[in-house]
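Asks: Numbering (my numbering), first residue to last: 1486 to 1686.
Built from N, CA and C at the ideal position, the CB exists for glycine as well.
A quick note: this is a predicted structure, and the numbers were derived from the prediction, not measured.
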Amino acid sequence: MKIIGITGPSGSGKSMLAAALTARGYLHADADAIYHDLLRTSAPMRAELVAAFGDGILKDGQIDRTALAARVFGAHGKKPLLRLNKITHKYVCRACVKEIRAAVDAGAKGILLDAPLLIEARLDRLCDLVVCVTAPTEMRVRRIVARDGISDAAALRRIRSQPNDAFYLKKCGYLLLNDGDAGKIDAAAREIDLLLSEEHA
């Protein structure tokens, strides 16, 4: 079974490539979705986050994602984001490994490990191929604003708090510049699938 790591900065459109590869028979482990689920269900992770960021991130006993994002991506540099990642990485990584094991047990063709922090969490070491998806900054801002309902300024702060493109390019085995062209995304999915099929052969 092949494991494809998909990573890249926020707003680059990683989910578009993931959808194209899923249509080709790959299972999809979405680290963002796993993280959001853990915010609701993991009491130990919730306790660590409250200890780090205060009771102000809670609403009705649950993590308020908007309040947490305000603390993490506010005007305090990169330290809050590093603190968040240090707390959450271990929980998300364990859940991702469980999904990979389940895919192996199911005899799946392969699985996508779709994780913005794939490299930082060292999950890239599990992958047969690491794919980096990137996009022009202005396009990333538009996508983040549309997806998360935040201002352009907040989206830019989020982008600037993350590694630049060069960080990802040094680590990936395949690069996709995602300008939103569906044909290019489908072609990339076809090429990635072919690369891994040839390796398997």
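Given that a residue counts as buried once 16 or more other Cβ atoms are within 10 Å of its Cβ, and exposed if not, what is S1527?
Replies: To locate residue 1527, count along the sequence shown from 1; it is residue 42. With 16 or more other Cβ atoms within 10 Å, it is buried.
Asks: Would a C-beta distance cut-off of 9 Å place G1490 and L1611 closer than the cut-off?
Replies: For the purposes of this step, residue 1490 is taken as the residue at position 5 of the sequence shown. For the purposes of this step, residue 1611 is taken as the residue at position 126 of the sequence shown. Their beta carbons are under 9 Å apart, which means G1490 touches L1611 by this criterion.
Asks: Work out the CA separation of I1677 and I1604 for me, nearest whole Å.
Replies: Taking the first residue of the sequence shown as 1, we reach residue 1604 at position 119. Taking the first residue of the sequence shown as 1, we reach residue 1677 at position 192. Looking at the two C-alpha atoms, the distance is approximately 19 Å.
Asks: Quick check: the Cα distance between L1534 and E1683, rounded to an integer number of angstroms?
Replies: For this step, residue 1534 is matched to residue 49 along the sequence shown. For this step, residue 1683 is matched to residue 198 along the sequence shown. Whole-angstrom Cα-Cα distance: 44 Å.
Asks: Quick check: what's the CA-CA separation for L1681 versus G1634?
Replies: Residue numbering aside, residue 1681 sits at position 196 when the sequence shown is read from its first letter. Residue numbering aside, residue 1634 sits at position 149 when the sequence shown is read from its first letter. Cα-Cα distance, rounded: 37 Å.
Asks: Is the number of C-beta pairs between the region 1511 to 1522 and the region 1636 to 1653 that are closer than 8 Å three or more?
Replies: These segments do not touch.
Asks: If M1624 sits next to Y1576, beta carbons under 8 Å apart, how far is it from one beta carbon to the other, in whole angstroms?
Replies: In the sequence shown, the residue the question calls residue 1624 occupies position 139. In the sequence shown, the residue the question calls residue 1576 occupies position 91. Between Y1576 and M1624 the Cβ distance is about 31 Å, and since that is not below 8 Å, they are no contact.
Asks: Within the continuous beta strand (DSSP E) that includes D1549, where are the two ends?
Replies: By 1-based counting over the sequence shown, the position of residue 1549 is 64. D1549 -> no beta strand (DSSP E), and no H or E assigned at all.
Asks: Counting only the same chain and skipping the five closest in sequence on each side, list residues whose C-beta sits under 7 Å from that of L1670.
Replies: By one-based count along the sequence shown, residue 1670 stands at place 185. The residue asked about is misnamed: residue 1670 is Ile in this sequence, not Leu. Once the five neighbours on either side are set aside, the close Cβ partners of I1670 are M1501, L1502, A1505 and N1663.
Asks: My assumption, with CB atoms under 8 Å, is that K1439 sits in contact with V1618. Please give the rounded CB distance.
Replies: One cannot answer for residue 1439 here, as it falls past the ends of the chain, which runs 1486 to 1686.
Asks: Return the CA-CA distance between F1558 and D1599, expressed in angstroms with no decimal places.
Replies: For the purposes of this step, residue 1558 is taken as residue 73 along the sequence shown, with counting starting at 1. For the purposes of this step, residue 1599 is taken as residue 114 along the sequence shown, with counting starting at 1. Computed Cα separation, rounded: 22 Å.
Asks: What separation, rounded to the nearest whole angstrom, lies between the Cα atoms of V1630 and A1593?
Replies: Taking the first residue of the sequence shown as 1, we reach residue 1630 at position 145. Taking the first residue of the sequence shown as 1, we reach residue 1593 at position 108. If you take the alpha carbons of V1630 and A1593, they lie about 35 Å apart.
Asks: If I follow the unbroken beta strand (DSSP E) through L1512, where does it start and stop?
Replies: Taking the sequence shown and counting its residues from 1, the one referred to as residue 1512 is at position 27. Start and end: L1512 to D1515.
Asks: Spatial neighbours of V1589 within its chain, please: C-beta separation below 8 Å, excluding the five flanking residues on both sides.
Replies: Counting from one through the sequence shown, the residue named residue 1589 turns up at place 104. Here the set comprises M1486.
Asks: Tell me, to the nearest whole angstrom, how far the beta carbon of A1651 is from that of L1661; I am working on the premise that it is less than 8 Å.
Replies: For the purposes of this step, residue 1651 is identified with residue 166 of the sequence shown, where counting begins at 1. For the purposes of this step, residue 1661 is identified with residue 176 of the sequence shown, where counting begins at 1. The pair is not a contact, with the Cβ atoms about 16 Å apart (cut-off 8 Å).
Asks: Check for me: the beta strand (DSSP E) holding K1583 runs from which residue to which?
Replies: Taking the first residue of the sequence shown as position 1, residue 1583 is located at position 98. Here K1583 belongs to no beta strand (DSSP E); instead the alpha helix (DSSP H) covers K1564 to D1590.
Asks: Measuring alpha carbon to alpha carbon, tell me which residue in K1571, L1679 and P1621 is nearest D1666.
Replies: Position 181 of the sequence shown, counted from the first residue, corresponds to residue 1666. Closest by alpha carbon: P1621.
Asks: Could you check what DSSP says for L1488 in three-state terms: helix, strand or coil?
Replies: To locate residue 1488, count along the sequence shown from 1; it is residue 3. Looking at the sequence itself, residue 1488 is Ile, so the reference to Leu does not match. Three-state result, I1488: strand.
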